[in-house]
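Accompanying notes for the structure given below.
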Amino acid sequence: PPNEVAAVLIEPIQCEGGYLVPPDGFLAGLRQLCDRHGIFLILDEVQTGVGRSGKMFACQHWDVQPDIMTLAKGLGSGLPIGLVVAKRKIMQQWKRGAHANTYGGNPLCCAASLVTLDLVEREYAANAEKVGTYFMTRLRELQSRHPIIGEVRGKGLMIGMELVSDRLSRNPCKDSCAAVIAGAFHRGLLLLPCGQSTVRFVPPLMVSVAQVDEAITLLEAALIDALTKS
């Protein structure tokens with residue numbers, strides 16, 4: 012029952028599950044549902060936030076504002092930091108000194124995060140959107156030549172390329188996914204999997220079009236090699 016639910020916690024784009032982008036209207040509908048029943052909406056933007064999706068926060072693609080948001084990873088540009096952001100009415104419930112931790116508020120990490128946010132806001136989010144669009148176009152060109160690529164999806168510079176046995180059944184090709192990633196590694200291109208058989212691309216937010224072109228060349232060589240050996 013809704014009166015037994017305190018909050019709904021969700022990633023605006025599912026990351027480890029396969030870089031799954033929700034359909035338009037999903038997050039807005041969830042926001043309305045939570046509002047109707049007095050339920051908090053918590054968005055986990057640890058992977059999707061701080062410019063990765065082409066906007067400062069991924070939820071901005073759908074004009075959805077959460078009650079609480081979590082941030083980390085890219086926020087510190089390699090330095091360890093985590094952050095909880097919430098609406099004022101929620102944060103005011105904390106009495107001063109009621110919550111603390113031994114190593115919280117590290118000044119070096121906080122300084123790095125402030126500089127990171129400034130750079131992302133000024134140029135890197137826009138670059139992620141522009142170069143990410145180009146990257147997906149190049150990946151879809153590969154898709155037109157290689158039927159094993161079932162879908163290319165993502166936002167900004169968080170992109171997934173799903174490998175399937177055929178496009179009708181969409182059965183995952185786990186072995187081919189592992190082979191492509193290994194082949195790319197031996198060619199100097201570092202990739203990671205997610206979901207069952209999705210290759211994910213998460214380059215630095217400052218990546219250039221020329222670097223994307225080089226990555227596509229290496230990726231296709233690894234893909235052809237994996238298909239030849241399978």
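Residue numbers for the sequence shown, in this note's numbering: 12 to 241.
For glycine and all other residues, C-beta sits at the position ideal for the given N, C-alpha and C.
Fair warning: this is a prediction, and the values are worked out from it, not measured in the lab.
DSSP three-state assignment for residue i, whether helix, strand or coil
{"i": "D55", "result": "strand"}
{"i": "V218", "result": "coil"}
{"i": "C70", "result": "helix"}
{"i": "I79", "result": "strand"}
{"i": "G171", "result": "strand"}
{"i": "R156", "result": "helix"}
{"i": "P34", "result": "coil"}
{"i": "P183", "result": "strand"}
{"i": "I50", "result": "coil"}
{"i": "R42", "result": "helix"}
Of the listed residues the options, nearest to residue i (C-alpha basis)
{"i": "A139", "options": "C26, G116, E56 and K66", "result": "K66"}
{"i": "D78", "options": "R63, P13 and I101", "result": "I101"}
{"i": "T59", "options": "L216, I192 and E231", "result": "L216"}
{"i": "R63", "options": "L86, Q43 and R42", "result": "L86"}
{"i": "H48", "options": "G36, V32, N14 and C70", "result": "N14"}
{"i": "A17", "options": "A237, V218, G167 and C45", "result": "C45"}
{"i": "G167", "options": "R42, S219 and L234", "result": "S219"}
{"i": "A233", "options": "H197, A221 and F212", "result": "H197"}
Other residues of its chain near residue i: CB distance less than 6 Å, five sequence neighbours each side excluded
{"i": "G165", "result": "Y30 and G171"}
{"i": "L181", "result": "Before going further, note that residue 181 is Arg rather than Leu in the sequence given. Excluding residues within five positions, the ones whose Cβ falls inside 6 Å are G161 and V175."}
{"i": "L82", "result": "E56, G60 and L94"}
7 Å CB neighbourhood of residue i in its chain, flanking five on each side removed
{"i": "L119", "result": "L90"}
{"i": "V223", "result": "V142, Y145, F146 and R149"}
Sequence-distant residues of its chain with Cβ nearer than 8 Å to residue i (five each side left out)
{"i": "A39", "result": "W73, D74 and V75"}
{"i": "G194", "result": "A232, A233, L234, D236 and A237"}
Three CB pairs or more closer than 8 Å across the stretch 172-182 and the stretch 202-212: Yes: at least three Cβ pairs fall under 8 Å.
The stretch 94-106 contacting the stretch 186-202, beta-carbon criterion three pairs below 8 Å: no
The stretch 42-56 contacting the stretch 16-24, beta-carbon criterion three pairs below 8 Å: yes
Start-end ranges of the alpha helix (DSSP H) lying completely within the stretch 77-112, minimum 4 residues: 99-102
Contiguous alpha helix (DSSP H) assignments of at least 4 residues, all confined to the stretch 130-154: Runs of alpha helix (DSSP H) with 4 or more residues, each lying fully within the stretch 130-154, are absent.
Three CB pairs or more closer than 8 Å across the stretch 118-136 and the stretch 81-90: Yes, they touch.
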